[in-house]
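Asker: First the structure, then my questions, so here it is.
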Amino acid sequence: MAITIRPFEASDIDAIAAIYGEHVRSGFGSYELQAPSVEEMRGRFDKLVNGNFPIRIACEADGTVVGYAYAGPYHGRPGWRFTVEDSVYIAADHMGKGIGNALLLDLIHVTQAGPWRQMIAVIGDSANNKASVALHKRHGFEMIGTLKDTGWKGEAWRDTAIMQLALSEGGITAPSDKVG
Numbered sequence: 001m002a003i004t005i006r007p008f009e010a011s012d013i014d015a016i017a018a019i020y021g022e023h024v025r026s027g028f029g030s031y032e033l034q035a036p037s038v039e040e041m042r043g044r045f046d047k048l049v050n051g052n053f054p055i056r057i058a059c060e061a062d063g064t065v066v067g068y069a070y071a072g073p074y075h076g077r078p079g080w081r082f083t084v085e086d087s088v089y090i091a092a093d094h095m096g097k098g099i100g101n102a103l104l105l106d107l108i109h110v111t112q113a114g115p116w117r118q119m120i121a122v123i124g125d126s127a128n129n130k131a132s133v134a135l136h137k138r139h140g141f142e143m144i145g146t147l148k149d150t151g152w153k154g155e156a157w158r159d160t161a162i163m164q165l166a167l168s169e170g171g172i173t174a175p176s177d178k179v180g
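If you number the sequence shown the way UniProt numbering does, the last residue is 180 and the count never jumps.
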């Protein structure tokens with residue numbers, strides 16, 4: 001199975017909403033309780049595009065979208081502008097085929113070329129979401145800690161792992177944009 005990783009196109013939003021919706025409905029990695037509509041997802045991705053954040057798409061040879069990854073703002077305040085949070089989602093029938101690995105590797109590469117210095121992974125249900133923890137560890141993320149009992153979903157408390165990867169120069173030098 002040949003997978004291509006490419007930049008996001010507006011026409012990808014239906015597939016993205018379907019993939020994310022399945023994760024919301026059947027998993028605990030996202031603490032959303034209701035799958036967002038296509039329009040809600042379009043709004044979210046418009047904000048990423050307008051903020052020049054990288055969004056990567058995994059698709060099969062016929063163009064079918066089977067996964068996506070993006071780096072978005074970690075927090076909204078200006079002092080956080082050099083830190084991004086990554087998200088990686090794979091279609092349920094394509095999990096375990098190395099697509100998440102390819103997407104995260106590509107996302108890290110693209111993000112390192114930008115102004116960002118740190119990438120944070122916020123992994124919901126980390127006790128059971130071992131694949132995501134292992135994926136991030138494989139790409140050099142360091143386990144910073146676990147926030148205990150921070151997500152309530154599926155009639156149970158869920159832990160959240162925080163992992164971090166330094167991008168390019170990380171915290172070694174000041175950013176070129178020192179405004180603020």
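In this text, a Cβ means the ideal position worked out from N, Cα and C, and glycines have one as well. Small disclaimer: the values here were computed from a predicted structure and weren't measured.
1) By DSSP, does Val179 sit in helix, in strand, or in coil?
2) May I ask you to report which of helix, strand or coil DSSP gives Ile172?
3) Of the choices Ser168, Tyr31 and Asn129, whose alpha-carbon is the least far from that of Met119?
4) If Ala15 and Val65 are in contact, beta carbons under 8 Å, what's the gap, nearest whole angstrom?
5) Which of the three DSSP states is assigned to Arg56 in this structure?
6) Which class does Tyr31 belong to by DSSP, given the choice of helix, strand or coil?
7) Buried or exposed for Arg25, please, with buried defined as at least 16 other CB atoms from any protein chain shown within 10 angstroms of its CB.
8) Going straight from the alpha carbon of Thr4 to that of Met95, what length do you get?
9) What three-state label does DSSP hand Gly145 in the structure shown?
10) Considering only residues of the same chain and omitting the five flanking positions on each side of Arg117, which have a CB-CB separation below 6 Å?
11) Mapping DSSP to helix, strand and coil, what is Thr83?
12) Just to check my reading of the structure: Val84 and Gly72 have Cβ atoms closer than 8 Å, yes? What is that Cβ distance to the nearest angstrom?
13) In angstroms, rounded to a whole number, what distance separates the CA positions of Ser132 and Glu9?
14) Would you identify the three-state DSSP class for Arg6, choosing helix, strand or coil?
15) Is there at least one Cβ from chain D nearer than 7 Å to Ile108's Cβ?
Answerer: So, from the data block:
1) Low confidence applies to Val179: its pLDDT is 47, below 50, so where it sits in the model is not reliable enough to give any reading.
2) Ile172: coil per DSSP, three-state reduction.
3) Here the closest residue by C-alpha is Ser168.
4) That belief holds up - the Cβ atoms of Ala15 and Val65 are roughly 4 Å apart, short of 8 Å.
5) In the structure shown, Arg56 adopts extended strand secondary structure according to DSSP, grouped into three states.
6) Three-state DSSP puts Tyr31 in coil, outside helix and strand.
7) Result: exposed.
8) Approximately 15 Å, taken between the alpha carbons.
9) Collapsing the DSSP output to three states places Gly145 in a strand.
10) Around Arg117: Phe82, Leu167 and Gly170.
11) In the three-state DSSP reduction, Thr83 falls in the strand class (E or B).
12) Their Cβ separation, rounded to whole angstroms, is 6 Å, which keeps Val84 and Gly72 in contact under 8 Å.
13) The alpha-carbon atoms of Ser132 and Glu9 are separated by roughly 25 Å.
14) In the three-state scheme derived from DSSP, where H, G and I count as helix and E and B as strand, Arg6 is classed as strand.
15) Chain labels in this structure do not include chain D; a single protein chain is all it has.
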